[in-house]
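**Student:**
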Amino acid sequence: MKKHLVWFRNDLRVDDNPALLGACRKTNEQVFAVYCYCPEQFKLHDVGANQQAIIGQALNQLITKLKQLNIPLIVVAAGDFNGSIQALLDLIKVHKISDVHYNIEYAYNERERDRKLCEQLKGVADYHRYVADSLTAPWDILNQQGQAFKVFTPYSKVVKRHIERHGIEPVSAPTARAKENYQPLSTDALADLLAVKPTANHTPDVSEQHAAELLEQFIDDGVADYHQQRDLPARKGTSQLSPMLAIGTLSVRRAFAAANRYQGEGRTTWISELIWRDFYRAVMWHFPHVGRNQAFLSVDKHIKWNRDAADLDRWQTGKTGVPIVDAAIRQLLDCGWMHNRLRMVVASFLCKNLWIDWRQGERFFAQHLFDFDFASNNGGWQWSASVGTDAAPYFRVFNPVSQAQRFDPDGDFVRKYLPELAAYSGKQLLQFEDKPLTGYPRPMVDIKKSRKQAIAEFKLAKESSSE
Ligand SMILES: Cc1cc2nc3c(=O)[nH]c(=O)nc-3n(C[C@H](O)[C@H](O)[C@H](O)COP(=O)(O)OP(=O)(O)OC[C@H]3O[C@@H](n4cnc5c(N)ncnc54)[C@H](O)[C@@H]3O)c2cc1C
C-alpha cells in the first residue's frame with residue numbers, strides 16, 4: 242500500500258492545492274503532511290517577524306483543517322534548506338513514504354533545494370510536482386522564438402491567450418480520509434514560530450476562510466471600481482489580499498476565477514495585476530540571477546550608490562521631510578503593508594533622489610511586509626531602480642510632490658500617518674519645500690536637484706556598461 246507525503250511550503254491551504262489533491266487520489270492510501278520550519282532560511286532571505294507571524298497563524302489553522310480531513314501534519318525544525326532535505330529524508334524513512342508531492346516554487350534557492358531533494362529521492366520514493374502558485378507555468382509562456390519575455394505587455398497578451406485556450410480550473414479540497422488512517426504527529430516546532438511577535442501594530446487575519454470571504458467581498462463590492470480607486474492610498478480601493486496570496490492561504494487561480502465571472506474595466510485591470518505577479522515569477526524562473534542579489538540589467542554594476550547609513554535611516558524611519566514618503570513608510574511600520582502607488586513613490590525616492598542601492602529597500606520591505614513575496618518585491622524594486630526587466634526608464638523619476646498632488650490631493654493619507662501634520666491643509670502639505678511645516682523636518686534633499694543628479698549618474702553608468 243502506498244504512503245503519501247505532502248510537503249507544504251508557500252501554499253498553506255487545502256483549497257486549490259494540487260499537491261494535496263494529488264496525494265489524496267486513492268481513498269484507501271495513507272497521507273501525511275509536513276512543513277519544514279527553517280529559521281536560518283528566514284534570516285538569509287530577510288523574512289521579517291511580520292510574515293513569520295502570519296505563517297505561524299496559517300499553519301495552526303492548516304493543522305486543524307487537515308485534521309478534519311484525517312491528515313496529520315508534522316512541523317519539523319529544519320534550520321535551513323539543506324536541513325529541510327535531511328528532515329524530509331528522515332521522515333520518509335520512518336514512515337515508509339512511497340510518494341512525495343509538492344507545488345513548485347520558482348526562485349533560485351527553492352529550486353536548488355528541490356533539485357537536491359529529488360536527486361536524493363531516486364530509488365527511495367517517487368516525487369510529484371504541481372503548478373499552483375501562478376496562473377500559468379513560466380515554461381508555457383514563451384515568445385515566437387521560444388524565448389522568455391522580458392517585457393510585460395506582450396507577455397501578458399500570451400498569458401491571456403493561453404488562459405483562453407486552456408482555462409483555469411481551481412481544484413477543491415479533497416474529501417476526508419478514513420479516520421483509522423489518522424496518526425497524530427509532532428507539531429512541537431510550531432511553538433517557536435507562534436512565539437514570533439509581529440512588529441506591526443495590526444496583524445491581518447490570513448486564515449483560508451477569511452481570505453475566501455475577503456475575495457468574495459472584493460469581487461462583489463470593489464473590483465468594478467478598481468481601475469478608478471486603486472491609486473488613491475486614502476481609500477480602500479485595492480483588495481488587500483496580498484498577505485494571503487504571498488503565504489498561500491489564498492490561491493491566485495481561485496482569485497482569477499472569482500474575478501473572471503465578471504466583465505468590465507475594473508476586473509480587467511485587477512486581472513492584469515495578477516498577471517504582473519505571474520510575470521515576476523516567470524522572470525525568476527527564466528533569469529535566476531535576479532534572485533541572487535543581482536539586477537537584470539548589468540548597468541547596475543556600474544552604479545556607485547550612496548552608502549550613508551544616516552540617509553538610509555531617515556528613509557527607514559519616515560523622517561525624510563517629504564510628507565508622502567514619510568507617511569508611506571509609517572504605514573508600512575504600523576500596518577506591515579503599504580499601498581502599491583506608495584511603494585513606487587518611496588522606492589523611486591530611495592533609489593533616485595537618495596541614490597541608495599535598491600537592495601537596501603528590497604531588504605527593508607522584506608523585513609516589514611506581511612505580504613513579502615520574493616519575486617514581486619524583487620521585481621518591484623528592480624523596476625523602480627530602472628535595472629530590471631521592463632523597468633521604468635532611468636530618466637523617469639517619480640516626483641513625490643506631483644504624486645501627492647495627484648493621488649492624495651487633500652492630504653488625508655498624509656495626515657492619517659503623520660499626526661504631527663494634522664493641522665495642515667492638503668494645499669499646505671504640498672508646499673513643504675517653500676513653506677516649512679512646524680514640528681516636521683526640512684526635506685533631506687533638494688528634490689529637483691537630486692533628480693537631475695540621478696539622471697546624470699545613471700547616464701554615466703549606462704555608458705560604462707554594454708547596455
Ligand atoms: C517596490 C515594490 C515592492 C513590492 N513588494 C511586493 C511584495 O513583497 N509582495 C507583494 O505581494 N507585492 C509587492 N509589490 C506589488 C504591489 O505593491 C502589491 O502586490 C500590492 O500593493 C498588494 O496590495 P493588494 O493585495 O491590495 O493588491 P491589489 O491591487 O488588490 O492586487 C491584487 C494582487 O495582485 C498582485 N499584484 C498587484 N500589483 C502587483 C505588482 N505591481 N507586482 C506584482 N504583483 C502585483 C498581488 O498579489 C496583489 O495582492 C511591490 C511593488 C513595488 C513597487
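Numbering (my numbering), first residue to last: 242 to 708. Just so it is clear, CB atoms sit at the ideal spot from N, CA and C, and this is done for glycine as well. Remember, it's a predicted structure, so these values are computed and weren't measured experimentally.
#1: Take L456 as the anchor and find which of A500, S513, D429 and H369 has the nearest alpha-carbon.
#2: Apart from the five residues just before and just after H468, which ones in its own chain have a Cβ nearer than 6 Å to its Cβ?
#3: Assuming C576 is part of the beta strand (DSSP E), what are its boundary residues?
#4: Which same chain residues end up closer than 6 Å to L303 when comparing Cβ atoms and leaving out the 5 residues on each side of it in sequence?
#5: Return the CA-CA distance between L553 and I333, expressed in angstroms with no decimal places.
#6: Can you tell me where the alpha helix (DSSP H) holding F605 begins and where it ends?
#7: Have a look at V372 and Q572 and give me their C-alpha separation to the nearest angstrom.
#8: Do I488 and I295 have their C-beta atoms within less than 8 Å of each other?
#9: Leaving out five residues before and five after S397 in sequence, what residues of the same chain have Cβ atoms less than 6 Å from its Cβ?
#10: Less than 8 Å between the CB atoms is what I'm expecting for V316 and L300, so what's the real figure, rounded?
#11: Could you have a look at L362 and say whether DSSP puts it in helix, strand or coil?
#12: Relative to the alpha-carbon of N442, which residue among E698, K668 and F611 has its alpha-carbon at the smallest distance?
#13: Closer than 7 Å to a non-hydrogen atom of ligand 1 - does that hold for the CB of D614?
#14: By the 10 Å Cβ neighbour count, where 16 or more other Cβ atoms means buried, how is G680 classified, buried or exposed?
#15: Nearest by alpha-carbon distance to T428: which of S705, P529 and C277 is it?
#16: Give me, in chain order, the residues of the same chain whose beta-carbon lies closer than 8 Å to that of A465; leave out the 5 immediate sequence neighbours on both sides.
#17: On the CB-based measure, 16 or more other CB atoms within 10 Å of its CB, does P660 come out buried or exposed?
#18: Hey, is M242 close to ligand 1, as in C-beta under 7 Å from one of its heavy atoms?
#19: In angstroms with no decimal places, state the Cα-to-Cα distance between R356 and Y343.
#20: So V524 and T630 are in contact, right, with Cβ under 8 Å, and what is the actual spacing, rounded?
#21: Under DSSP, the alpha helix (DSSP H) around F322 begins and ends at which residues?
#22: Taking buried to mean at least 16 other C-beta atoms within 10 Å of its own C-beta, is Q298 buried or exposed?
#23: Can you give the Cα-Cα distance for A645 and T558, rounded to whole angstroms?
#24: Rounded to the nearest angstrom, what separates A695 and V365 at their Cα positions?
#25: Going straight from the alpha carbon of E698 to that of L595, what length do you get?
**Tutor:** Let me spell this out:
#1: Taking only the C-alpha atoms, the option nearest L456 is A500.
#2: If we look at H468 and ignore the five residues flanking it on each side, its Cβ neighbours are E506, G507 and T510.
#3: Element bounds for C576: not the beta strand (DSSP E) but the alpha helix (DSSP H), P564 to C576.
#4: Within the same chain, L303 has close Cβ partners L253.
#5: Per the coordinates, the alpha-carbon of L553 lies some 47 Å from the alpha-carbon of I333.
#6: Residues W599 to H609.
#7: Near 34 Å, if we compare the C-alpha coordinates of Q572 and V372.
#8: In this structure, I488 places its C-beta atom within 8 Å of the C-beta atom of I295.
#9: Contacts found: I516.
#10: Sure, about 7 Å apart at Cβ, within 8 Å.
#11: Assignment of L362 by DSSP, reduced to helix, strand and coil, places it in the helix class.
#12: Scanning E698, K668 and F611 for the CA closest to the CA of N442 turns up F611.
#13: Result yes, Cβ under 7 Å from ligand 1.
#14: Counting Cβ neighbours within 10 Å, G680 comes out exposed, since fewer than 16 surround it.
#15: Ranked by how close their Cα comes to the Cα of T428, the residues S705, P529 and C277 have C277 in first place.
#16: Residues Y503, G505, G507 and R508 of the same chain have their beta carbon placed closer than 8 Å to that of A465, with the five preceding and five following residues left out of the count.
#17: Label assigned to P660: exposed.
#18: Distances between the C-beta of M242 and the heavy atoms of ligand 1 are all 7 Å or more.
#19: Straight-line Cα distance between these residues: approximately 12 Å.
#20: The Cβ separation is near 5 Å, so the contact holds.
#21: Per DSSP, the continuous alpha helix (DSSP H) segment holding F322 begins and ends at F322 to V335.
#22: That one is buried.
#23: One Cα belongs to A645, the other to T558, and the distance between them is close to 19 Å.
#24: Using only the alpha carbons, I get a separation of about 56 Å.
#25: When rounded, the distance between both Cα atoms is 12 Å.
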